[in-house]
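Chains as they are written, first to last, in the working numbering: chain A, 4 to 420; chain B, 4 to 420. The beta-carbon is built from N, C-alpha and C at its ideal position, and this holds for glycine as well.
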């Protein structure tokens, strides 16, 4: 099989995008179902080739965390299929009439959602991004160009080929889903220059990858930067709830973007609460680093440095700072946070509303675990990430966020006077 | 008076933005009214200083078109005031609940519109951008940093000072509206580096200005590139309507982004229609440039070169191409157009719907003049431009487009299991 160059792939995507924009909801949903069926029919091949790549990764001395992300076991495989089938059941993100009116002269105006066009997804090891991204892109009528990590190239290629076969059998264009098969960094660099054909790039991975891509291209990039998430425990917080929320936010899953990184405790309840928090975190093997004032309450924890306040640990480490009231908490979060997810624990409606209004983040949670910020609990279904941008998509990025709109006006010879 | 550096201005804006996000609709609308009142109270000073700058521009040998754009006469002044007063009457773009649900566990989730934060507007000669931009930004709760052309520096500064006074008298923060008072290019270059404080830049002016800014900053830019607008006359178009729409689209105003630049005529009606079009355009002193086939019908017009198809004339020149059916028309428009505004003249619902679906532009008009694409006829009120971007804002940019959203979730100790 000849390998298409990145430019050929990009041009093919542009054409496919034009055809996709004319597909019906039924056709796109059928394609998603067929993509899942097609994957299922080659399940053993996928698991086999993935096992080879996992072995190779181990031999190459990759970390256990990385090997885990790379692995598709039976459970992961079923999860991938179920996500594709579920996104098919979601409401159509296209052709929604977002606004409209008839002007005084009788011109009928509609603002309608339409696909963005061609979406490039550049990601690191996890092969489930291959199926998630393709699912969300096809749902929203976009052509997708996939580019995963080199350690998963065989797995991703097989996944993509199965999905392509499924999509084509449902009548979608041949190039609606494409994967870049050329190994090496040059292919990515070439993709970054394809601003004539690619409408948006979504890098998924570490901060370094995202930064490199955002700074190296003129194509708009939807960025998923880090989650330096905070929980502020106000003076009047229910203490049991506060401890449960802090523990769940930090410990339910450690290496994820909406996990807690810094806990802010109001000085008026710190004396009572900090020892309770300490023993709960100890039981969960979390290392605590505190500000000077925190250390007076918990003398045996290590000090937090200035750097700690702007660190996304993604590790069993938590920084704790005592603040003098909600204003200081808000100031700290808006200064050191990453605008991802921040929460408050309070029984006061006034404090809750002030926090909601003044925290400049994609997600603001009141008496809820930071781990609940995301497509599932927000009722959006499958998403491919959580954007820390303010323009276009903020927070969870699902099919709706992969649309733009056009203004359509129907007249009958209407002129401007 | 000390002149603040750009960095001081940017920092002040960031603080003002936080305060603005907590203002009420009533307060912002009152501020808009007071801004207009305050301008009115210094009307004569504004007209006087503007007259001096107009005189200077003439002495500097500026073109008549540029001098016209710079001039504030009584009519322009009244128009500026009326735009500010009208934007106050529009619905509040903030705190709209864009989506929401209660998850199965009882977590209440809302997606709410909020201000973008700090908006920098960089523009060329027209001083009415000063008031329009400030109006739309204050309406949407954003802090604004204004930077107009050097030839209008005195006028713009006076306009800004009057608006600041009005806004402050309504209780808005002192730095909600700021203008960069330092002359010279360096101030703009400095503004481009303020990504820590500025959320979005909107350059208004020629393609060169926009490109320079978009390529010189890491701040997201809402771009208003050129309008290479098309009208496609289908075989079955009503001929009188077709000629009226072509003339209105091209001639109602020549130097605007939604004016017609290329007319596509179906070959099946070209023989009958082209002579009618020619005499109508002749009567309006429009120079026609045609493809080879057009020239066989109109032998005395000049030929259109390849370059003509991608030129925004903004001048009394029109290129004409004969196409073989709607598919060729759509292909031409998607290839050579700028995605701004494109129209079709047809009596066929099928052709209208195919055109609507397949044209990849911000505005698609059916039997309506391209000059109708814009905030006014779309029911949006005052806008500060027409975006040719696909992400975030596409088409008219008004107060709604200067908002982002946040996800807010109210729980009662909700954890992730």
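By the rule that beta-carbons nearer than 7 angstroms mark a contact, residue 244(B) touches chain A. Using a 10 angstroms sphere on the CB of residue 286(A), the tally of other CB atoms stays under 16, which defines it as exposed.
Under the Cβ distance rule, residue 223(A) counts among the residues neighbouring chain B, one pair being separated by less than 7 angstroms. At a Cβ-Cβ threshold of 7 angstroms, residue 175(B) and residue 134(B) do not count as neighbours. Within the same chain, and ignoring the five residues on either side of residue 325(B) in sequence, the residues whose Cβ sits closer than 7 angstroms to its Cβ are 268, 270, 273, 294, 296 and 297. For the options 136(B), 255(B) and 284(B), the alpha carbon positioned closest to that of residue 401(B) is the one of 136(B).
Classified as buried, residue 417(A) has 16 or more neighbouring CB atoms from the shown chains inside 10 Å of its CB.
Residue burial is scored here from C-beta neighbours: residue 210(B) has fewer than 16 other C-beta atoms within 10 angstroms and is therefore classed as exposed.
Among the residues of chain B, those whose CB is under 8 angstroms from the CB of residue 21(A) are 337, 361 and 363, following chain order. For residue 25(B), the closest Cβ of chain A is nearer than 7 angstroms. Apart from the 5 residues on each side of it in sequence, residue 20(B) sits with its Cβ closer than 6 angstroms to the Cβ of 120, 121 and 146 in its chain, given in chain order.
Taken through DSSP and simplified to helix, strand or coil, residue 51(B) comes out as helix.
Between the C-alpha atoms of residue 366(B) and residue 59(B) there is a straight-line separation of about 39 angstroms. Distance from the CA of residue 214(A) to the CA of residue 138(A), rounded to the nearest whole angstrom, comes to 25 angstroms. Apart from sequence neighbours up to five positions away, the residues of its chain that approach residue 219(B) with a beta-carbon distance below 6 angstroms are 195, ordered along the chain.
Contact check for residue 239(A) against residue 222(A) fails: the beta carbons are separated by 7 angstroms or more. Under the 7 angstroms criterion on CB atoms, residue 411(B) is classed as interfacial with respect to chain A. Residue 313(B) and residue 348(B) have their alpha carbons spaced roughly 21 angstroms apart. For residue 380(B), a Cβ of chain A is located within less than 7 angstroms of the residue's own Cβ. Residue contact check for residue 201(B) against chain A: no CB pair falls below 7 angstroms.
When rounded, the separation of the alpha-carbon atoms in residue 57(B) and residue 172(B) is 31 angstroms. Within 8 angstroms of the CB of residue 367(B), the CB atoms of chain A belong to 409, 410, 411 and 412, in sequence order along the chain. Taking CB atoms only, residue 101(B) has no neighbour in chain A less than 7 angstroms away.
Rounded to whole angstroms, the gap between the alpha carbons of residue 282(A) and residue 246(A) is 10 angstroms. Sequence-distant partners of residue 104(A) (beyond 5 residues in either direction) whose C-beta falls short of 6 angstroms from its own C-beta, in its chain, are 112. From the beta-carbon of residue 343(B), no residue of chain A is found nearer than 8 angstroms; the closest lies around 11 angstroms away.
Listed in chain order, the non-local C-beta contacts of residue 248(B) below 6 angstroms within the same chain comprise 348 and 372, local neighbours out to five positions each way being set aside. Under DSSP, residue 198(A) takes part in no beta bridge, so it has no partner.
Measuring C-alpha to C-alpha distances from residue 261(B) to each of 368(B), 55(B), 384(B) and 67(B) identifies 368(B) as the nearest. Residue 390(B) is a Cβ neighbour of residue 225(B), given a cutoff of 7 angstroms. When Cβ pairs closer than 8 angstroms are counted between the two stretches, the stretch 30-50 of chain A is seen to touch the stretch 78-94 of chain A, the count reaching three or more. Distances from the CA of residue 182(B) to each of 150(B), 54(B) and 307(B) were compared; the closest alpha carbon is that of 150(B). CA-to-CA, the gap between residue 201(A) and residue 10(A) works out to about 10 angstroms. Interface flag for residue 253(B) against chain A is unset, since no Cβ pair is found closer than 7 angstroms.
In this structure, residue 307(A) places its C-beta atom within 7 angstroms of the C-beta atom of residue 322(A). By the Cβ neighbour-count rule, residue 100(B) is exposed, with fewer than 16 other Cβ atoms within 10 Å of its own.
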